[in-house]
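S.K.:
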Amino acid sequence: MEKLIIEGGRPLEGAVHISGAKNAALPILAASILTAETLCVQNVPRLRDVATTCALLTQMGLWVRQPAAGTIELSAHAIANPLAPYDMVKTMRAAILVLGPLVARCGQARVSLPGGCAIGLRPVDLHIKGLQAMGAEIEIEHGYLIARAKRLRGARIVLDLVTVTGTENLMMAATLAEGTTVLENAAREPEVVDLAQCLNAMGARIAGAGSDVITIEGVECLRGARYRVMPDRIETGTFLVAAAMAGGKIKLEGARDDILDAVLEKLRESGASISAANGAITLEASGRPRAVNVRTAPYPAFPTDMQAQFMALNAIADGTALVTETIFENRFMHAQELKRMGADIEVEGNSAIVRGSAHLDGAMVMATDLRASACLVLAGLVARGETVVDRIYHLDRGYEQLESKLSALGARIRRAG
Ligand code: EPU
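The sequence shown runs 2 to 418 under the working numbering.
1. Who are the near neighbours of residue 249 in its chain, counting only those whose CB is closer than 6 Å to its CB and skipping five residues on each side?
2. Could you check which residue in 100, 387, 206 has the C-alpha nearest to that of residue 54?
3. Mind checking residue 305: buried by the 16 CB within 10 Å criterion, or exposed?
4. Nearest to residue 367 by alpha carbon, out of 334, 358, 384?
5. Going by the CB atoms, is the gap between residue 150 and residue 137 shorter than 8 Å?
6. Rounded C-beta distance between residue 19 and residue 232? I'm assuming under 8 Å.
7. Which same chain residues, not among the five before or five after residue 23, have their C-beta less than 7 Å away from its C-beta?
8. For my contact list, residue 35 and residue 171 are in at a C-beta cut-off of 8 Å; report their separation, rounded to the angstrom.
9. Look at the alpha carbon of residue 229 and the alpha carbon of residue 358, and state the distance between them as a whole number of angstroms.
10. Please report the straight-line C-alpha distance between residue 174 and residue 167, rounded to a whole angstrom.
11. Which word fits residue 122, buried or exposed, when buried means at least 16 other C-beta atoms lie within 10 angstroms of its C-beta?
12. Return the first residue and the last residue of the beta strand (DSSP E) that residue 41 is part of.
13. By the three-class DSSP mapping on this structure, what secondary structure does residue 124 have?
14. Does the distance from the CB of residue 219 to the CB of residue 177 come in under 8 Å?
15. Nearest to residue 211 by CA position, among 163, 203, 221, is which residue?
16. Relative to the C-alpha of residue 296, which candidate in 395, 288, 283, 312 has its C-alpha closest?
17. How long is the line joining the alpha carbons of residue 246 and residue 317, rounded to whole angstroms?
18. Taking the alpha-carbon positions, what's the residue 105 to residue 155 distance?
19. DSSP three-state label for residue 262, please.
20. Could you compute how far the alpha carbon of residue 59 sits from the alpha carbon of residue 362?
21. Return yes when at least one heavy atom of ligand 1 lies under 7 Å from the C-beta of residue 23, else no.
22. Can you tell me which of 107, 17, 119, 285 puts its alpha carbon nearest to the alpha carbon of residue 331?
23. Please report how far the alpha carbon of residue 129 lies from the alpha carbon of residue 80, in whole angstroms.
24. Measure the alpha-carbon distance for residue 290 versus residue 124 and round it to whole angstroms.
25. Exposed or buried, residue 140, counting other C-beta atoms within 10 Å across all chains shown (16 or more means buried)?
26. For a test of your reading of the model: does the CB of residue 328 fall under 7 Å from any non-hydrogen atom of ligand 1? Yes or no.
27. With a threshold of 7 Å, establish whether the CB of residue 124 neighbours any heavy atom of ligand 3.
28. Buried or exposed: where does residue 353 fall if 16 or more other Cβ atoms within 10 Å of its Cβ makes it buried?
29. Below 7 Å, is the gap between the Cβ of residue 220 and the nearest heavy atom of ligand 1?
30. If you drop the 5 nearest sequence neighbours on each side, which residues of the same chain put their C-beta closer than 6 Å to that of residue 147?
31. Buried or exposed: which applies to residue 257, given that a residue is buried once 16 or more other Cβ atoms fall within 10 Å of its Cβ?
32. Between residue 379 and residue 242, how many whole angstroms is the CB-CB distance? I'm expecting something under 8 Å.
33. Can you tell me the Cβ-Cβ gap for residue 169 and residue 214, rounded? I've got them flagged as a contact below 8 Å.
34. Within this structure, are the beta carbons of residue 279 and residue 293 separated by less than 8 Å?
35. Residue 1: which of 93, 109, 107 sits nearest, CA to CA?
36. Could you check which residue in 103, 114, 376 has the C-alpha nearest to that of residue 153?
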């Protein structure tokens with residue numbers, strides 16, 4: 002199994018380019034199911050989850066091509082097999098994103114029900130209820146969701162809680178429904194907006210994406226389009242935290258600061274200087290960061306996908322921080338691994354008290370999920386001696402060439418095994 006070996010203690014200096022956003026690319030690739038014409042998606046990051054999505058779509062009968070690095074063309078001329086099998090859903094929960102598009106376009110879908118995962122139970126009841134409100138009949142048979150609908154009907158759907166992929170699934174399904182759908186308490190994440198913009202470029206009529214009420218007027222069919230995926234705000238945030246911890250000065254090109262307010266605010270509070278101009282964000286930091294409290298919540302509040310990285314920062318910060326996770330019930334697995342590196346962390350329910358230590362020590366640590374792996378890499382960058390991060394296949398799901406980008410900034414990091 003591949004590992005990352007990191008020699009800690011070097012400041013970060015230089016510039017790297019930010020990749021396309023994983024969590025925007027995945028629903029946009031699934032949106033190709035909605036049209037018989039070709040959808041050309043640009044700025045797609047080279048990630049394991051993208052490869053899994055392409056394999057899933059190919060197996061359904063879509064024609065998937067990569068004419069150039071970062072560009073994927075998809076044609077759902079015919080969908081012979083509207084199925085998302087267990088083997089694929091178990092490795093990538095985002096496969097649930099094919100459910101809405103398949104029911105809308107083919108009138109049927111068979112999608113493996115995702116189980117629990119490393120960060121929480123993560124049910125999909127709101128995806129199901131929303132589709133049922135639009136007239137789909139859904140049954141669960143042998144671990145699979147079987148959905149059928151002649152043509153979906155527009156409906157007013159009030160989501161019980163804010164769900165990102167739930168909002169995306171229902172928004173995609175509603176584009177081809179008969180009549181108007183109103184999604185209330187919709188997720189406001191920038192990735193939802195990116196998907197809505199892509200769907201509108203395909204001929205959908207969506208208004209309000211980015212607010213908590215999204216209105217979708219159904220159309221008869223969608224057409225092909227060319228769409229460029231937004232930059233990854235979590236990759237951006239991860240590099241910024243790396244430099245805030247290690248010290249130095251980095252420039253992130255092709256990044257957006259307008260969708261990172263809560264994260265930038267916390268980094269400034271920790272003592273970093275940040276500026277943004279011409280599509281680039283620059284961060285400069287020296288000395289130990291100050292401890293910062295964080296509390297995760299849906300966008301525009303502090304993102305759960307940055308919680309683990311800030312726990313690493315707090316582990317070496319001056320002071321004590323309270324980290325509260327309100328989105329997922331089990332997203333503190335990295336705390337135990339950080340403690341093995343000498344961090345002082347006490348987890349109680351959905352909160353962690355992190356008392357900053359002057360030093361962390363390199364150790365063999367194990368990644369349990371994508372953002373937990375990022376947290377351990379960040380800790381390795383500042384630890385004394387060598388850190389070996391095991392099970393980095395989690396990282397490859399969501400960070401494009403993390404080690405080469407960090408090496409370009411002067412980190413001593415290499416892949417082995
Ligand atoms: N939830 C339900 N019922 C549902 C749907 C969600 O109870 O039907 C609960 C979840 O269990 C969770 C909360 O609602 O407690 C929010 O979950 P959400 O549905 O928003 O999460 P998601 O759509 O499955 C996406 C991202 C995650 C990110 C979360 C929160 C994608 C592909 N995944 O997941 O990204 O953490 O939103 O922002 O967009 C990651 O990139 O590392 C990652 C985990």
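Glycine is no exception: its CB is placed at the ideal position from the N, C-alpha and C atoms. All figures in this text were calculated on a predicted structure; none of them were measured in a lab.
M.R.: Taking the structure as given:
1. These residues qualify, in order along the chain: 12, 13, 14.
2. Comparing alpha-carbon positions, the option among 100, 387, 206 lying closest to residue 54 turns out to be 100.
3. Result: buried.
4. Comparing alpha carbon positions, the residue from 334, 358, 384 closest to residue 367 is 334.
5. Closer than 8 Å, so yes.
6. Correct: roughly 5 Å between the Cβ atoms.
7. Excluding positions up to five away in sequence, the list reads 46, 48, 50, 233, 399.
8. Residue 171 and residue 35 do not touch by the CB rule: their CB atoms are close to 13 Å apart, not below 8 Å.
9. Approximately 42 Å between the Cα atoms of the pair.
10. Cα-Cα distance, rounded: 11 Å.
11. Residue burial annotation: residue 122 is exposed, with fewer than 16 other C-beta atoms found within 10 angstroms of its C-beta.
12. Annotation for residue 41: the continuous beta strand (DSSP E) segment containing it runs 39-43.
13. It is coil, neither helix nor strand.
14. Note that the C-beta distance between residue 219 and residue 177 is below 8 Å.
15. The shortest Cα separation from residue 211 among 163, 203, 221 belongs to 163.
16. By alpha-carbon distance to residue 296, the top candidate from 395, 288, 283, 312 is 312.
17. Straight-line Cα distance between these residues: approximately 8 Å.
18. When rounded, the distance between both Cα atoms is 11 Å.
19. Three-state DSSP puts residue 262 in a helix.
20. A direct Cα-to-Cα measurement between residue 59 and residue 362 gives close to 45 Å.
21. The answer is yes for residue 23.
22. That would be 119, whose Cα lies nearest to the Cα of residue 331.
23. Taking the straight line joining both Cα atoms gives about 22 Å.
24. Rounded to whole angstroms, residue 290 and residue 124 show a C-alpha spacing of 37 Å.
25. Here residue 140 is exposed. Its C-beta has fewer than 16 other C-beta atoms within 10 Å.
26. For residue 328, the Cβ falls inside the 7 Å cut-off from some heavy atom of ligand 1.
27. Of the ligands one can find in the structure shown, namely ligand 1, none is ligand 3.
28. When all chains shown are included, residue 353 counts as buried.
29. Relative to ligand 1, even the nearest heavy atom lies 7 Å or more away from the CB of residue 220.
30. Exclusion of the five residues before and after residue 147 leaves 111, 140 as the residues of its chain whose Cβ lies within less than 6 Å of its Cβ.
31. The C-beta of residue 257 has 16 or more other C-beta atoms within 10 Å across all chains shown, which makes the residue buried.
32. About 6 Å; that satisfies the 8 Å criterion.
33. About 15 Å separates the Cβ atoms of residue 169 and residue 214, ruling out a contact at the 8 Å cut-off.
34. No, Cβ-Cβ distance for residue 279 and residue 293 is not below 8 Å.
35. Since the first residue shown for the chain is 2 and the last is 418, residue 1 is missing from the structure and cannot be characterised.
36. Closest by alpha carbon: 103.
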